[in-house]
Structure formats: structure tokens, C-alpha cells
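The sequence shown runs 65 to 287 under the working numbering. Have a look at the structure below, then the notes.
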Amino acid sequence: MVKSNLTKGEQSRLNLINSSREIFNEFGLDLRIKDLADKMGVKTSMITNHFPPKVMLIRAISEEYEEKVSAKIPQIVNPENIELVDLIRMSSCLMDIQLEYVCTIMFHLTYNTNTLEEKQKTKFWYLNRKNTIHYFMSKLVEKGVVKKDILEPEKFDLFIHSFFILSIHWLNNFLAYDFDKDYKEVKPLYLKAKYDLCWPYLTEKGLKEYDLINFSAECCYLN
65 MVKSNLTKGE QSRLNLINSS REIFNEFGLD LRIKDLADKM GVKTSMITNH
115 FPPKVMLIRA ISEEYEEKVS AKIPQIVNPE NIELVDLIRM SSCLMDIQLE
165 YVCTIMFHLT YNTNTLEEKQ KTKFWYLNRK NTIHYFMSKL VEKGVVKKDI
215 LEPEKFDLFI HSFFILSIHW LNNFLAYDFD KDYKEVKPLY LKAKYDLCWP
265 YLTEKGLKEY DLINFSAECC YLN
């Protein structure tokens with residue numbers, strides 16, 4: 065992330081986070097600090113001065129990810145005038161960020177060493193995102209695009225469960241099964257699969273809007 069007015073130490077820390085993220089993305093989180101330092105071409109102490117245990121570095125990457133996601137959403141979606149296509153564009157951009165921070169996504173999905181504090185922080189991020197989607201859907205209900213029954217607690221919990229599974233686990237599918245395909249080739253498919261979950265809750269007006277959406281055309285890219 066681009067940040068201004070950083071001290072030399074803060075800039076050094078940020079550089080380590082970004083470099084580590086790229087290396088972890090390619091080689092996995094099992095790398096030792098020494099291996100990480102070798103790949104960066106720096107001394108081990110340069111990393112441990114900022115991040116004594118490796119898990120602190122992974123946490124820092126996770127925090128950068130959440131900051132980037134939180135900053136991107138309001139850039140795309142106007143909370144006072146939400147359109148269904150805006151949510152699709154938002155998800156498209158978030159997929160790019162997830163791919164950029166794939167190591168932290170995999171950490172939260174596969175590592176069982178998270179402390180209670182880390183689990184609580186992850187749950188806080190989850191609930192915050194859940195509340196955001198609930199708000200977006202309530203605005204689309206007001207516009208007559210989505211049926212109001214999606215906001216019923218039981219139905220919304222079922223919807224958001226499936227929505228979040230597809231929001232995260234597309235990465236597993238891409239890395240495990242579509243690794244030999246171009247990301248831009250499969251991205252529209254993953255994106256549409258996620259929003260097809262809205263289909264049972266769309267009004268007649270919403271169905272007409274949805275049928276006109278070209279998922280390939282709406283796939284914006286950050287890079």
C-alpha cells in the first residue's frame with residue numbers, strides 16, 4: 065500500500081511486509097525467516113528487528129490486506145445510491161486484492177495456530193463485512209431490485225454463508241484446478257457464480273437488470 069509521511073523505520077517495515085507477501089504468495093508460509101531473508105537478499109536481523117516471530121509478520125500482512133479492502137469499498141460503492149452492478153464491480157476489485165494477498169487468505173483458512181485474539185479479530189472483520197453486505201442488500205430492497213425476504217435473519221444467514229464461501233474459496237479452485245488457466249479467463253465465471261446466489265431473491269426489476277450485466281465487461285482489474 066502507498067503511504068505518505070513514513071519514517072525511515074516505518075518505510076523499512078512496509079517494504080518488508082510487501083516483499084514478504086510476494087515471496088509467501090509464491091513459496092508458501094512454511095518458509096523459515098532465514099529462507100525469507102535469503103530470498104530478499106537481506107540479513108535475518110533486518111526482519112526479526114521488526115517481526116521477532118514470523119507470525120507477527122503474517123499478522124502485519126493480514127492487517128495490510130484488511131486496510132486495503134476497507135479503503136477500496138467506498139471508492140467503488142456509493143452507500144447512498146447503490147446499484148447491483150456496483151456490488152459486482154466491487155467484488156471484482158476485491159478478487160484482485162485477494163489474489164495479491166493470497167498468503168494471508170490461506171493463513172486464515174488453513175493454519176490452526178491462531179490465538180484467541182487472532183480468531184476474535186478475524187471474526188470482527190467477518191461481522192463487519194456481513195453487516196456491510198446486509199446494508200447493501202437493504203438499499204437494493206428499497207430500490208425494488210431485491211425482495212425484502214432476503215433480510216429475514218435465517219434467510220440472510222444462509223445467503224451470506226454461501227456468499228462468503230464463494231468469496232474466499234474461489235482462490236482454492238483457481239490455485240488447485242485452474243492453475244493452468246489465465247486468471248482473466250476464469251474470473252468472470254467465479255464472479256458470476258457468486259452473484260447467481262442473488263437470483264432467488266431478485267424482483268422482476270432485479271432480474272431484468274441482472275440479465276443485462278456482462279460479467280466479462282464488468283471485471284475491472286487493479287493491475
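C-beta: ideal position from N, C-alpha, C; glycine also.
Check, Outcome
"Taking the alpha carbon of F227 as the reference point, which residue from Y247, S126 and M201 has its own alpha carbon closest?", "M201"
"Going straight from the alpha carbon of A240 to that of W234, what length do you get?", "10 angstroms"
"Could you pull out every unbroken alpha helix (DSSP H) segment of at least 4 residues lying fully inside the stretch 150–209, listed in chain order?", "166–174 and 180–206"
"Which residue comes first and which comes last in the alpha helix (DSSP H) that contains H225?", "P217 to A240"
"Can you tell me which residues form a DSSP beta bridge with L266?", "V210"
"Go ahead and pull the three-state DSSP assignment for L253.", "helix"
"Applying the 10 Å Cβ sphere with the 16-neighbour rule, what's the burial state of K53?", "In the structure displayed, the chain extends from 65 to 287; residue 53 sits before or after that span and is not available."
"For L70, which of helix, strand or coil comes out of DSSP?", "coil"
"Could you say if the stretch 81–98 and the stretch 117–132 meet the contact criterion of at least three C-beta pairs nearer than 8 angstroms?", "yes"
"Check whether the Cβ atoms of M154 and K251 sit closer than 8 angstroms, and answer yes or no.", "no"
"For L276, which three-state DSSP category applies?", "coil"
"To the nearest angstrom, how far is it from the Cα of S231 to the Cα of L222?", "14 angstroms"
"Look up D246 in the DSSP assignment and say whether it is helix, strand or coil.", "coil"
"Taking K194 as the reference, which of I140, K211, D275 and I224 has the closest Cα?", "I224"
"Look at the alpha carbon of T174 and the alpha carbon of R77, and state the distance between them as a whole number of angstroms.", "26 angstroms"
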